[in-house]
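First to last, the protein sequences are chains A and B.
So the first sequence is numbered by full-length UniProt numbering: it starts at 1 and just counts up by one.
So the second sequence is numbered by full-length UniProt numbering: it starts at 1 and just counts up by one.
Number of protein chains: 2
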Amino acid sequence: MSSKQVFLYDTTLRDGTQGEGFQLSGLDKLRIAKRLDEFGIDYIEGGWPGSNPKDIEFFREAKNLKLKHAKLAAFGSTRRADTPVEEDPQVRLLLEAETPVVTIFGKSWELQVTEVLRTTVEENQAMIRDTVAYLAKHDREVIYDAEHFFDGYKDSPAHALATLQAAAEGGAACLVLCDTNGGTLPHEVMEICGAVRKHLPDTPIGIHTHNDCELAVANAVASVKAGSTQIQGTINGYGERTGNCNLTSVIPILQLKMDIPVVPHLEQLRDLSYFVDDVSNNPHFARAAFVGRTAFAHKGGMHVNAVQKLARSYEHIVPGSVGNSQNILVSELSGQSNILIKAEELGIPLEKGSPEAGSILRRVKELENDGYSYEAAGGSLELLIRRELGTYRKPFDLTEYHTSFRQYRDGHPPVCEATVKLSVDGTPELTVAEGHGVVNALDLALRKALLPFYPEISNVSLADYKVRILDGHDATAAKTRVLIVSTDGESTWGTVGVSDNIIEASWLALVDGIDLFLQRKR
Amino acid sequence: MSSKQVFLYDTTLRDGTQGEGFQLSGLDKLRIAKRLDEFGIDYIEGGWPGSNPKDIEFFREAKNLKLKHAKLAAFGSTRRADTPVEEDPQVRLLLEAETPVVTIFGKSWELQVTEVLRTTVEENQAMIRDTVAYLAKHDREVIYDAEHFFDGYKDSPAHALATLQAAAEGGAACLVLCDTNGGTLPHEVMEICGAVRKHLPDTPIGIHTHNDCELAVANAVASVKAGSTQIQGTINGYGERTGNCNLTSVIPILQLKMDIPVVPHLEQLRDLSYFVDDVSNNPHFARAAFVGRTAFAHKGGMHVNAVQKLARSYEHIVPGSVGNSQNILVSELSGQSNILIKAEELGIPLEKGSPEAGSILRRVKELENDGYSYEAAGGSLELLIRRELGTYRKPFDLTEYHTSFRQYRDGHPPVCEATVKLSVDGTPELTVAEGHGVVNALDLALRKALLPFYPEISNVSLADYKVRILDGHDATAAKTRVLIVSTDGESTWGTVGVSDNIIEASWLALVDGIDLFLQRKR
Chain A
1 MSSKQVFLYD TTLRDGTQGE GFQLSGLDKL RIAKRLDEFG IDYIEGGWPG
51 SNPKDIEFFR EAKNLKLKHA KLAAFGSTRR ADTPVEEDPQ VRLLLEAETP
101 VVTIFGKSWE LQVTEVLRTT VEENQAMIRD TVAYLAKHDR EVIYDAEHFF
151 DGYKDSPAHA LATLQAAAEG GAACLVLCDT NGGTLPHEVM EICGAVRKHL
201 PDTPIGIHTH NDCELAVANA VASVKAGSTQ IQGTINGYGE RTGNCNLTSV
251 IPILQLKMDI PVVPHLEQLR DLSYFVDDVS NNPHFARAAF VGRTAFAHKG
301 GMHVNAVQKL ARSYEHIVPG SVGNSQNILV SELSGQSNIL IKAEELGIPL
351 EKGSPEAGSI LRRVKELEND GYSYEAAGGS LELLIRRELG TYRKPFDLTE
401 YHTSFRQYRD GHPPVCEATV KLSVDGTPEL TVAEGHGVVN ALDLALRKAL
451 LPFYPEISNV SLADYKVRIL DGHDATAAKT RVLIVSTDGE STWGTVGVSD
501 NIIEASWLAL VDGIDLFLQR KR
Chain B
1 MSSKQVFLYD TTLRDGTQGE GFQLSGLDKL RIAKRLDEFG IDYIEGGWPG
51 SNPKDIEFFR EAKNLKLKHA KLAAFGSTRR ADTPVEEDPQ VRLLLEAETP
101 VVTIFGKSWE LQVTEVLRTT VEENQAMIRD TVAYLAKHDR EVIYDAEHFF
151 DGYKDSPAHA LATLQAAAEG GAACLVLCDT NGGTLPHEVM EICGAVRKHL
201 PDTPIGIHTH NDCELAVANA VASVKAGSTQ IQGTINGYGE RTGNCNLTSV
251 IPILQLKMDI PVVPHLEQLR DLSYFVDDVS NNPHFARAAF VGRTAFAHKG
301 GMHVNAVQKL ARSYEHIVPG SVGNSQNILV SELSGQSNIL IKAEELGIPL
351 EKGSPEAGSI LRRVKELEND GYSYEAAGGS LELLIRRELG TYRKPFDLTE
401 YHTSFRQYRD GHPPVCEATV KLSVDGTPEL TVAEGHGVVN ALDLALRKAL
451 LPFYPEISNV SLADYKVRIL DGHDATAAKT RVLIVSTDGE STWGTVGVSD
501 NIIEASWLAL VDGIDLFLQR KR
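Okay, structure coming up:
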């Protein structure tokens with residue numbers, strides 16, 4: 001690894017979660033960390049132990065992840081002004097995270113030192129030097145994030161360079177220049193990175209950019225041209241305000257266009273991108289470079305014609321090299337390997353190329369073309385596999401269900417009611433329930449109907465309910481995708497339903513949620 | 001205008017519509033063209049008259065737009081191989097569009113000439129030279145788009161430069177270097193643009209980039225650094241595959257960061273961005289640079305604190321300079337001026353600062369915070385203004401409505417039914433209807449109830465129905481926004497409804513659609 005020319009430093013779990021609409025539970029963070037490691041990311045920044053107990057918890061759990069390649073990094077700040085580093089509780093928490101890498105940020109901009117930190121330039125440098133040295137003494141690889149470096153440098157090159165010098169003296173393994181406000185232009189990045197390399201030739205530099213000018217990727221590339229050997233960013237560019245540098249774009253640029261190998265399996269890039277979207281329940285950005293649904297879609301008649309004659313005509317790379325595809329319909333199938341892994345988890349040995357695997361893959365592809373997505377709905381995928389393999393037993397037969405919504409205009413609240421008519425082994429049951437909303441009523445009526453037959457479902461409850469409208473392609477109607485998370489208090493599982501009717505889509509996901517629990521209990 | 005250092009060339013209406021999910025009707029295109037002109041765009045590419053009758057129609061209608069500043073451009077290709085230019089029907093259509101500017105594209109890449117065009121290098125150059133000269137002779141300002149220029153140059157600089165030379169000899173006003181496949185990196189753009197300027201110093205150059213590497217904006221900026229004086233792009237970066245260069249980002253970079261003035265009212269940038277999203281019914285990209293909803297949102301506790309102390313700490317520009325705002329709730333109000341213009345259209349003189357204007361603006365702000373959006377729902381905005389001014393008369397009183405959805409599992413299709421109970425001037429009416437889906441049933445029952453009182457509504461029908469799920473901020477539930485377009489065969493109007501219940505949101509938009517028609521008829 002030490003022979004790599006450029007190292008990838010992912011901060012999806014820390015700076016990414018500063019973005020609006022990008023929330024991750026502790027479990028989500030562990031799943032993403034595992035995936036980043038498998039993909040070949042070099043550093044994974046897991047969180048800031050000093051800022052909240054959830055991050056402390058994450059680092060405790062993360063020890064069981066057994067990362068194959070990546071080094072886990074805890075993030076924090078320099079010691080407080082006028083406090084000895086060994087007495088700073090935030091710094092202590094960084095050590096207690098027991099990560100091989102600790103990344104600390106410090107102030108580069110004189111304005112920030114005097115106006116925000118309200119201390120002296122000298123004390124600021126001491127804070128940097130002391131904290132880096134203290135962590136290095138405890139055998140940590142210390143990465144120094146120079147916050148506001150470019151703004152600070154433009155204001156006063158001497159001051160900004162002196163703060164880096166302090167970090168280098170403290171023993172920092174890498175000096176990361178941060179464009180914290182995202183306002184710097186690529187030619188400025190190139191020039192300033194060059195100046196830093198000249199001033200501090202013995203310490204590697206890195207880059208941390210933000211997308212406030214839609215230039216985060218360009219700035220990272222410019223920095224590599226000027227000698228940076230570490231790029232910080234996030235998957236799909238999530239992050240505060242307009243987001244961080246999008247690693248999903250930087251990685252193929254480096255590997256395919258600049259001949260700088262950074263990951264072993266670039267063809268898994270698209271799946272990784274979708275995985276992070278689905279885990280965080282964010283819609284996939286169709287126009288995303290390299291991995292987007294339309295990244296290799298050809299609409300103009302002339303282009304389609306030319307692509308048929310010669311793909312290079314309108315494709316800057318081979319789509320498969322990043323796991324994407326020219327033909328959108330085919331590409332909807334996000335990785336056969338995921339399905340094989342899932343089957344293995346179920347204890348079902350499924351071989352690539354076997355007839356069973358073939359039939360499951362065909363079925364998944366059909367359903368994905370209909371708008372299903374299984375990345376965050378492992379429960380429904382498990383049911384599908386069980387059905388295809390014949391290990392599935394139907395827990396009930398539905399006769400019909402009915403929902404009713406009555407809206408008044410005299411101040412009376414609306415009334416949502418659902419009835420469910422079903423039978424279990426020939427015994428009929430008819431139930432009715434009211435709820436907050438039609439779906440809630442339907443959920444309650446279904447449980448009420450099944451409870452006499454399956455008392456164990458009293459432990460199962462709905463943990464999350466999410467709706468997404470899928471845009472209709474061409475002239476077809478828009479579809480609704482409903483994702484549900486169910487829990488029995490110990491484990492959780494996701495299920496999915498798709499229909500042009502939101503009630504039916506919800507029903508399908510609700511039924512799968514209970515059905516999976518019953519299949520597993522058998 | 002000729003003193004400008006960099007000219008903006010918008011191709012939202014042509015290259016933008018090559019993007020998936022970005023469709024514009026003829027009316028949409030005229031509305032956007034008018035808005036681009038008011039904003040100060042220099043060139044507006046309206047379409048390709050040779051490719052479809054809709055674009056020919058557009059150019060006919062566009063003559064009535066009376067643009068104040070922008071020049072309209074018709075787009076097309078060079079003459080066919082082995083055909084005299086004056087006999088080429090596609091070139092004739094370009095002249096018949098009667099625009100002051102004609103933009104034609106030609107091949108720069110030898111591979112494309114021989115493999116796609118299947119002609120000789122010499123004939124290709126003649127095609128370029130002849131077509132430019134012919135159009136220039138007919139008093140058109142001719143812009144030459146050199147397709148695949150960067151790929152062609154990397155393959156053979158001599159060949160690529162010779163094609164530009166042919167365009168310059170023909171009398172092209174500007175040579176636009178196109179990164180058609182979007183695969184070129186900024187340092188390559190800088191170097192190649194420099195080489196072109198050196199080779200052809202007497203003809204201005206421009207740049208047309210695509211976002212396949214997330215570098216379209218960076219490439220445009222690099223080109224300006226190397227001497228380009230025209231930037232081609234689209235609003236919000238719409239366009240084929242990953243999209244075109246995003247003018248919404250380039251404009252503030254030039255104006256605020258490179259001291260190159262390009263538009264007179266930069267503070268209207270955010271409204272323009274939302275306008276194009278809403279007209280094309282695309283969701284706003286929250287993380288968009290400069291104009292996005294979260295572009296100046298501060299989530300991290302430390303950042304919020306620092307911003308309070310010193311805004312420059314975490315804001316690279318003053319948000320108001322692009323019409324955006326630090327406080328998201330305040331910024332949801334997209335331009336008071338739009339509302340005043342709307343009132344003026346209604347013949348209601350509403351002065352900025354008057355009590356009526358104040359109460360309307362407050363109401364709009366309230367509703368926008370609730371998830372309403374009026375950019376594409378002028379009908380609902382008109383009703384709101386009428387209500388606030390007291391010129392509104394309620395056409396009916398709703399007592400209640402009811403919807404029912406019954407799903408069978410025996411192959412019987414689902415049954416959707418709605419009942420509506422209302423009164424008009426004290427006369428009660430109760431109706432029931434079945435429909436394809438609950439909303440369709442509700443629409444039919446409502447019309448059935450109103451028809452005896454207002455027979456004129458038989459002319460009104462539903463032209464479009466769109467649903468969007470609005471993500472819940474913080475812990476609030478997700479809301480549903482329904483946009484409806486109604487028509488009476490002559491004109492169309494948009495209305496909007498928002499609720500946490502999709503049926504109620506649809507009802508609100510349906511009622512507004514009929515209500516507006518009745519108000520206008522009175």
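Even glycine gets a Cβ: it sits at the ideal position worked out from N, Cα and C.
**Prompt:** T242 (chain A) and G292 (chain B): beta carbons closer than 7 Å?
**Reply:** yes
**Request:** Counting only the same chain and skipping the five closest in sequence on each side, list residues whose C-beta sits under 8 Å from that of I503 (chain A).
**Result:** T403, V438, V439, L442
**Item:** Amino acids of chain B, ordered along the chain, whose beta-carbon sits closer than 9 Å to that of F105 (chain A)
**Value:** What F105 (chain A) touches in chain B: nothing, since even the nearest Cβ is about 10 Å away.
**Asked** Do you know how far the Cα of I104 (chain A) is from the Cα of R464 (chain B)?
**Response** Here the sequence assigns Asp to residue 464 (chain B), which means Arg is not the residue at that position. The straight-line gap from Cα to Cα measures roughly 54 Å.
**Asked** Do P186 (chain B) and V218 (chain B) come within 7 Å of each other at the CB atom, strictly closer than that value?
**Response** Note that residue 218 (chain B) is Ala in the sequence shown here, rather than Val. Yes. Within cutoff.
**Prompt:** What separation, rounded to the nearest whole angstrom, lies between the Cα atoms of P452 (chain B) and L24 (chain B)?
**Reply:** 37 Å
**Prompt:** Helix, strand or coil for Q230 (chain B) per DSSP?
**Reply:** strand
**Request:** Using three-state DSSP, classify G301 (chain B) as helix, strand or coil.
**Result:** Low local confidence applies: a pLDDT of 46 at G301 (chain B) is under 50, so the model's placement there is unreliable, and no value is given.
**Three-state secondary structure assigned by DSSP to C193 (chain B)** = helix
**Message:** Cutting at 6 Å between CB atoms, please list the residues of its own chain near D474 (chain A), excluding the five before and the five after it.
**Reply:** Because D474 (chain A) sits at a pLDDT of 35, beneath the cut-off of 50, its placement in the model cannot be relied upon, and the following sentence gives the value as read from the coordinates. Within the same chain, D474 (chain A) has no close Cβ partners at all.
**Prompt:** Looking at the C-beta of H208 (chain A), does it have a partner C-beta in chain B at a distance below 7 Å?
**Reply:** no
**Prompt:** Helix, strand or coil: how does DSSP classify F58 (chain B) here?
**Reply:** helix
**Request:** Provide the residue span of the beta strand (DSSP E) that contains residue 530 (chain B), from first to last.
**Result:** This structure does not reach residue 530 (chain B), given that chain B is present from 1 up to 522, and the question cannot be answered.
**Asked** The alpha helix (DSSP H) with W109 (chain A) in it runs from where to where?
**Response** Counting along the chain, W109 (chain A) falls outside any alpha helix (DSSP H), and DSSP gives it neither H nor E.
**Request:** Give the straight-line distance between the Cα atoms of A216 (chain A) and E38 (chain A), rounded to the nearest whole angstrom.
**Result:** 25 Å
**Asked** Given a limit of 9 Å on CB to CB distance, which residues of the region 189-214 of chain B reach chain A?
**Response** Residues of the region 189-214 of chain B that bring their beta carbon within less than 9 Å of a beta carbon in chain A comprise M190, H210, N211, D212, C213, E214, in sequence order.
**Prompt:** Is residue 541 (chain A) near P49 (chain A), with beta carbons less than 7 Å apart?
**Reply:** Limits of chain A in this structure are 1 at one end and 522 at the other, which puts residue 541 (chain A) out of reach.
**Asked** Can you list, in chain order, the residues of its chain whose CB lies under 7 Å from that of H284 (chain B), leaving out five sequence neighbours each side?
**Response** Y274, D277, R293
**Request:** Throw me the rounded Cβ distance for the I192 (chain A) and Y153 (chain A) pair, which I believe falls under 8 Å.
**Result:** 5 Å
**Message:** According to DSSP, simplified to helix, strand and coil, what is D474 (chain A)?
**Reply:** Any reading at D474 (chain A) must be qualified, since the residue scores a pLDDT of 35, below 50, and its modelled position is unreliable; no value is offered.
**Item:** Beta-carbon spacing of E147 (chain B), A81 (chain B) below 7 Å
**Value:** no
**Request:** Ignore the nearest five residues each way along the sequence and tell me which others in G182 (chain B)'s own chain have a CB closer than 8 Å to its CB.
**Result:** Excluding the 5 residues flanking it on each side, G182 (chain B) has same chain C-beta neighbours closer than 8 Å at T209, H210, N211, D212, C213, L215, A216, R241, T242, in chain order.
**Backbone CA spacing between P89 (chain A) and L446 (chain A) [nearest angstrom]** = 52 Å
**Prompt:** Unbroken beta strand (DSSP E) runs of length 3 or more, entirely within the region 143-191 of chain B: which are they?
**Reply:** The DSSP assignment places complete beta strand (DSSP E) segments of no fewer than 3 residues inside the region 143-191 of chain B at 174-179, in order along the chain.
**Three-state secondary structure assigned by DSSP to K66 (chain B)** = It is coil, neither helix nor strand.
**Message:** Which residues does DSSP list as the beta-bridge partners of H316 (chain B)?
**Reply:** BP columns for H316 (chain B) are empty, so no partner.
**Request:** Verify whether the separation of the beta carbon atoms of V482 (chain A) and I469 (chain B) is less than 7 Å.
**Result:** no
**Request:** Could you list which residues in chain B have their beta carbon closer than 8 Å to that of Y392 (chain A), in chain order?
**Result:** Residues of chain B whose Cβ lies closer than 8 Å to the Cβ of Y392 (chain A) do not exist, since the nearest Cβ in that chain is about 17 Å away.
**Asked** With 16 as the cutoff for other CB atoms within 10 Å, does E20 (chain A) come out buried or exposed?
**Response** buried
**Outcome for D410 (chain A) when other beta-carbon atoms lying within 10 angstroms are tallied against a minimum of 16** = It counts as exposed.
**Request:** Could you tell me which uninterrupted alpha helix (DSSP H) segments, each at least 4 residues in length, are contained entirely in the region 214-295 of chain A, listed from first to last along the chain?
**Result:** 216-225, 247-252, 269-279
**Request:** May I ask which residues mark the beginning and end of the alpha helix (DSSP H) holding W507 (chain A)?
**Result:** 502-521
**Beta-carbon contacts of A449 (chain A) that lie in its chain and below 6 Å, excluding the five residues immediately before and after** = Cβ neighbours of A449 (chain A) beyond the five flanking positions: V420, L422, E429, T431.
**Prompt:** Could you give the distance in angstroms between the alpha-carbon of F59 (chain B) and the alpha-carbon of K198 (chain B)?
**Reply:** 37 Å
**Prompt:** DSSP on F22 (chain A), reduced to helix/strand/coil?
**Reply:** In the three-state reduction of the DSSP assignment, F22 (chain A) falls in the coil class.
**Item:** Residues bridged to H208 (chain A) [DSSP beta-bridge criterion]
**Value:** Looking at the DSSP assignment, H208 (chain A) forms a beta bridge with A:C178, A:Q232.
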